[in-house]
Amino acid sequence: MNLVESLLHALKDHGAHEIFGIPGDFALPYFRIIEESGILPLYTLSHEPGVGFAADATARIRGGLGVAAVTYGAGAFNMVNAIAAAYAEKSPVVVLSGGPGKGEASSGLLLHHQAKTLDSQLQIFKEITCDQVKLDDAARAPADIARVLANCLRNSEPVYIEIPRDMVREACAPVTREAPRALDRDALGACVDEILARLDVAKSPVLMAGVEVRRFGLEEKVAELSRRLGLPVVTSFMGRGLLTDCDAPLVGTYMGVAGLPDVTQLVEGADGLFLLGEIISDTNFAVSETRIDLRKTIQAHNGQVTLGYHSYANMPLAALVDEMLARVKNGAEKTFPVAPHQYPRGLVADGETIAPTDIAKAVNDLFAAHGKLPIASDIGDCLFTAMEIEQTALIAPGYYATMGFGVPAGLGLQATSGQRPLILVGDGAFQMTGWELGNCKRYGFDPIVLLFNNASWEMLRTFQPESGFNDLGQWGYAEMAAPLGGDGVRVSTRAELKAALDKAIATRGRFQLIEVTIPRGVLSTTLSRFVAGVKRISTK
Ligand SMILES: Cc1ncc(Cc2csc(CCOP(=O)(O)OP(=O)(O)O)c2C)c(N)n1
Ligand SMILES: [Mg+2]
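Rendered as structure tokens:
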């Protein structure tokens, strides 16, 4: 077996299902082995940001590893933002990059694609990955690969593997998975006892499930734990879509001043807020109506548990949840009012113009009639609108908040799960990576794309209305669809929107682009509340 085959088998063994990539001359040798070996399917896209977002999406929606394969220099540097997003949002993406061989590295010439030094790329990726290796020694390679992939899964963070192009066919032993790390069972027991004791005395405890619950495959167990403890469950903005298909007492999404008042009250009034796998970020907590005293919360994330002013280190989330389930056998006497939220339905299909909340109603009506679709959303008002759509699997950069995620993430979602996605994207973000839809035809992907066209960077305009540079003009997105291999339609009334969705859901095999014209300054209910809330808080 050669070095790349050994690496590909290891990737598959650690939970990779496919590779997204764009080659270059430093990468052609290892791409050739990917294609010849067929160990993992290869999907090429058109721009490396899309490669990174698609690979990230596969890890988010299915678990396991996402794999993004690029060439050295121009390719890898082009993908830095997407990998930074994966790092910030705890997504286990493996970056594979071709690299210069030993001979050329010592030629004394500056190499094409070289930035500062030949190691600049490795140094830059050290900032957005949890482990890295350059495979320049075939004898060491199996152990190095085992360590890097184990860290990728253990931390649920990206890792970087550079493959010198003169090493790809070197004979290499198979990779043996690293043994799981030992746990301090006494510390784990003490930690769980302390958590349970705090929850037991709390009059209004609440469990907030964060993205790590999905990343470590714990949604069913956390749903069971919440039922046994009798805890109402909420998710953060970033955690929207978690526990959707589990039997959990899911109250809704906490968004502080921008969210549903009953959910906000439940969370901010809790005297035992249990943050399980949650990222303590501004998008999740900075819009609190009343400041949440994080010192009074129980925080379990990044492999440690913090209660008040002390922490337990080396507390993997999976081990913590298992130990809690082992100690909490039966359902609690406590019952909590879990009022399921009624999401807007019943779009009036008339000649009125379309507001984002009308889109949510139309989607909820579609889900009621045809079943739910998983959603890949970009950021912008489309993501705030998603908060008004029925709970369904949702992937979106809700914390790192990069544009460009939506369309490639939808392609990654369909590639790895086989499910048809609903993609929500604003016109600004579509201008960045919407072009990737041109790859659907080759792979048989047929997402339904709702393009929120307000001809504006509207999120920015809400905070700085006086700036003219937020105007984007009309590009004619609907007309672009057919040459790209899909069907496109522009809708400006609610009746046209309903008809377009009915046609899209009935059409398979081609992507369906619905360009929704939204009048200038018309925001979703959620974004309007967010903007008003942020302005109110900032003037306190
Ligand atoms: C890669 C990147 N570059 C710039 C920015 C900064 C930004 C945040 S929101 C926004 C406007 C989004 O416009 P869009 O039309 O997509 O959506 P909407 O506001 O609903 O009209 C920008 C430019 C971010 N977040 N990511
Ligand atoms: Mg816009």
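Numbering (the working numbering), first residue to last: 16 to 555.
Built from N, CA and C at the ideal position, the CB exists for glycine as well.
Item, Value
"On the DSSP letters alone, give me the boundaries of the beta strand (DSSP E) that T59 sits inside.", "57-59"
"Between the region 300-318 and the region 234-241, do at least 3 Cβ pairs fall closer than 8 angstroms?", "no"
"What are the start and end residues of the beta strand (DSSP E) that includes Y175?", "174-179"
"What residue does the beta strand (DSSP E) around H356 start on, and which one ends it?", "No beta strand (DSSP E) holds H356; DSSP gives it neither H nor E."
"At a cut-off of 6 angstroms, would you count D151 as near ligand 2, judging by its Cβ distance to the nearest heavy atom?", "no"
"At the level of alpha carbons, what is the spacing between S432 and R75?", "11 angstroms"
"If you draw a straight line from the C-alpha of E104 to the C-alpha of I294, how long is it?", "8 angstroms"
"Going by DSSP, name the residue or residues bridged to H325.", "L322"
"Quick check on DSSP: helix, strand or coil for Q527?", "strand"
"By Cβ distance below 8 angstroms, which residues in the same chain neighbour R360 in space, the five residues on each side in sequence not counted?", "K376, N379, D380, A383"
"So, at 6 angstroms on beta carbons, what are the nonlocal neighbours of G427 in its own chain, with the 5 sequence-adjacent residues on each side left out?", "A69, A72, T73"
"My assumption, with CB atoms under 8 angstroms, is that Y327 sits in contact with Q319. Please give the rounded CB distance.", "6 angstroms"
"Pop quiz: G222 and L246 are said to be a contact at Cβ under 8 angstroms. What is the actual Cβ separation, rounded to whole angstroms?", "The question names Gly, but residue 222 is Leu in the sequence shown. The Cβ separation is near 4 angstroms, so the contact holds."
"In chain order, what are the residue ranges of uninterrupted alpha helix (DSSP H) at least 4 long that sit wholly in the region 250-330?", "276-283, 297-300"
"Distance, Cα to Cα, T321 vs T250?", "19 angstroms"
"Check whether the region 212-221 touches the region 43-52, counting contact only when three or more Cβ pairs, one atom from each stretch, lie closer than 8 angstroms.", "no"
"Does the beta-carbon distance from A444 to M418 come in below 7 angstroms?", "yes"
"With a Cβ-Cβ cutoff of 7 angstroms, do D365 and A510 count as a contact?", "yes"
"Within 10 angstroms of its Cβ, does Y45 collect 16 or more other Cβ (buried), or is it exposed?", "buried"
"Counting C-beta neighbours from all protein chains within 10 Å, is the total for Y324 16 or more, i.e. buried, or is it exposed?", "exposed"
"Helix, strand or coil: which one does DSSP assign to K236?", "helix"
"Touching or not, the region 97-116 and the region 456-468, by the rule of three or more beta carbon pairs under 8 angstroms?", "no"
"Would you kindly check if the distance between the Cβ of V82 and the Cβ of V174 is under 7 angstroms?", "no"
"Hey, out of G256, R213, D215, A205, whose CA is closest to R230's CA?", "G256"
"Between the beta-carbon of V19 and the beta-carbon of V183, is there less than 7 angstroms?", "yes"
"Work out the CA separation of A224 and V343 for me, nearest whole Å.", "18 angstroms"
"Relative to the alpha-carbon of E209, which residue among V440, E283, L335 has its alpha-carbon at the smallest distance?", "L335"
"Any heavy atom of ligand 1 inside 6 angstroms of the beta-carbon of S392?", "no"
"When we look at the beta-carbon of A8 and count the other beta-carbons within 10 Å, is it buried (16 or more) or exposed?", "Because the chain in this structure spans residues 16 to 555, residue 8 falls outside the shown range and cannot be described."
"At a cut-off of 6 angstroms, is G536 close to ligand 2 when judged by its beta-carbon and the heavy atoms of the ligand?", "no"
"Output needed for L516: all residues of its chain with C-beta closer than 6 angstroms, excluding positions within five of it in sequence on either side, in chain order.", "A377, L381"
"Going along the chain, which residues of its own chain have a beta-carbon closer than 7 angstroms to the beta-carbon of G274, five neighbours each way excluded?", "T268"
"For the beta strand (DSSP E) containing L222, list its first residue and its last residue.", "220-224"
"Which residue or residues does DSSP assign as beta-bridge partners of L111?", "A84, I176"
"In three-state DSSP terms, what is L244?", "helix"
"Taking the alpha helix (DSSP H) that N96 belongs to, which residues open and close that run?", "95-103"
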